[in-house]
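Peer 1: In the numbering used here, the protein residues as written are 1 to 222.
Attaching a single structure in structure tokens format; questions to follow.
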């Protein structure tokens with residue numbers, strides 16, 4: 001009898017909802033939007049993990065994807081996505097696409113995703129994977145995430161899926177007034193990283209607050 005991945009995704013989303021409620025006093029989000037949760041139910045995470053990890057594809061935890069990189073914990077993917085308050089028409093910059101799972105979640109929710117990945121092999125595989133799933137609203141650049149993708153700026157939202165020692169000025173500059181950015185900030189995975197939410201108001205003033213302690217791979221330079 002085959003594996004019921006729809007049921008596994010439903011169980012994963014139930015765990016995400018429970019964790020959102022448990023951490024709501026820290027994150028300010030005891031519940032996630034129906035749009036975010038629907039995207040988490042729809043995107044086949046098992047197609048973004050290595051063959052040896054298929055049995056763990058819907059466990060609510062990170063998994064290695066090779067080259068020292070990971071696919072993020074589903075709860076963190078949902079939290080970061082939900083924190084952007086996406087309505088559907090946005091142009092979003094993603095830094096650190098990895099295997100493309102977070103990219104696929106964003107692509108299900110917005111007009112277009114501009115994804116930057118420093119590792120060419122990962123970027124090529126992720127792009128092919130997304131195309132095979134019919135995600136045609138994604139553009140991919142192999143490059144240094146610290147620099148963003150200025151050619152298509154400004155962006156309505158920016159999601160950074162690797163930890164920077166500080167928020168890159170280039171990314172702040174590429175964020176549209178009224179936009180939001182989520183980014184892990186800190187030098188080490190063994191403590192000291194915090195997920196930050198930045199908001200830029202209509203005048204260009206940026207406010208920043210901590211959402212949750214996290215552990216991400218570092219945002220490396222090209």
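Beta carbons: idealized from backbone N, C-alpha and C, even for Gly.
Scan the stretch 20–82 and note each continuous beta strand (DSSP E) run of 3 residues or more that stays entirely inside, going in chain order.
Peer 2: Correct list: 63–66 and 69–71.
Peer 1: What are the partner residues of residue 139, as DSSP defines its beta bridges?
Peer 2: Beta-bridge pairing links residue 139 to 114.
Peer 1: Would you tell me roughly how many angstroms separate the C-alpha atoms of residue 147 and residue 168, rounded to the nearest one?
Peer 2: So the alpha carbons of these two residues sit roughly 8 Å apart.
Peer 1: If residue 12 sits next to residue 74, beta carbons under 8 Å apart, how far is it from one beta carbon to the other, in whole angstroms?
Peer 2: Going by Cβ atoms, the distance from residue 12 to residue 74 rounds to 5 Å, so yes, they are a contact pair.
Peer 1: Go through the stretch 146–218 residue by residue and report every complete run of the alpha helix (DSSP H) that reaches 4 residues or more, in order.
Peer 2: Taking only runs of at least 4 residues, the alpha helix (DSSP H) segments lying wholly in the stretch 146–218 are 169–173.
Peer 1: Checking 9 Å against the spacing of the C-beta atoms, do residue 37 and residue 78 come in under that value?
Peer 2: Contact flag set, yes.
Peer 1: Which one or two residues does DSSP pair with residue 93 in a beta bridge?
Peer 2: 114 and 158, per the DSSP bridge assignment.
Peer 1: Would you say residue 39 and residue 95 are within 9 Å of each other, going by their C-beta atoms?
Peer 2: For residue 39 and residue 95, no; Cβs fall outside 9 Å.
Peer 1: Buried or exposed: where does residue 166 fall if 16 or more other Cβ atoms within 10 Å of its Cβ makes it buried?
Peer 2: Exposed: under 16 other Cβ atoms inside 10 Å.
Peer 1: Tell me which residues share the same chain as residue 90 and place their Cβ nearer than 7 Å to its Cβ, disregarding the 5 neighbours each side in the sequence.
Peer 2: The residues are 110, 111, 156 and 157.
Peer 1: With distances taken Cα to Cα, identify the nearest neighbour of residue 116 among 23, 152, 204 and 8.
Peer 2: For residue 116, the nearest C-alpha among the options comes from 152.
Peer 1: What residue range is occupied by the uninterrupted alpha helix (DSSP H) comprising residue 130?
Peer 2: Looking at the DSSP string, the run of the alpha helix (DSSP H) that includes residue 130 is 120–132.
Peer 1: If you reduce the DSSP assignment to three classes, tell me which class residue 7 lands in.
Peer 2: Residue 7 falls in the helix class under three-state DSSP.
Peer 1: Return the residue from the list 180, 195, 178 and 22 that minimises the CA-CA distance to residue 186.
Peer 2: When each option's Cα is compared against that of residue 186, the closest is 195.
Peer 1: Where do the N-terminal and C-terminal ends of the alpha helix (DSSP H) with residue 104 fall, by residue?
Peer 2: Counting along the chain, the alpha helix (DSSP H) containing residue 104 begins and ends at 101–107.
Peer 1: What do you reckon, are the CB atoms on residue 69 and residue 122 nearer than 9 Å?
Peer 2: Yes.
Peer 1: For residue 19, I'd like the list of residues in its chain whose CB is within less than 8 Å of its CB, leaving aside the five on either flank, ordered along the chain.
Peer 2: Excluding positions up to five away in sequence, the list reads 60 and 75.
Peer 1: With 16 as the cutoff for other CB atoms within 10 Å, does residue 67 come out buried or exposed?
Peer 2: Under this definition residue 67 is an exposed residue.
Peer 1: What is the C-beta distance between residue 118 and residue 130, in whole angstroms, given that I count them as a contact (C-beta under 8 Å)?
Peer 2: That pair is no contact at about 18 Å.
Peer 1: How many Å lie between residue 182 and residue 6 at the Cα?
Peer 2: For residue 182 and residue 6, the distance between alpha carbons rounds to 28 Å.
Peer 1: Can you tell me whether DSSP reads residue 13 as helix, strand or coil?
Peer 2: Of the three classes helix, strand and coil, the one that applies to residue 13 here is helix, per DSSP.
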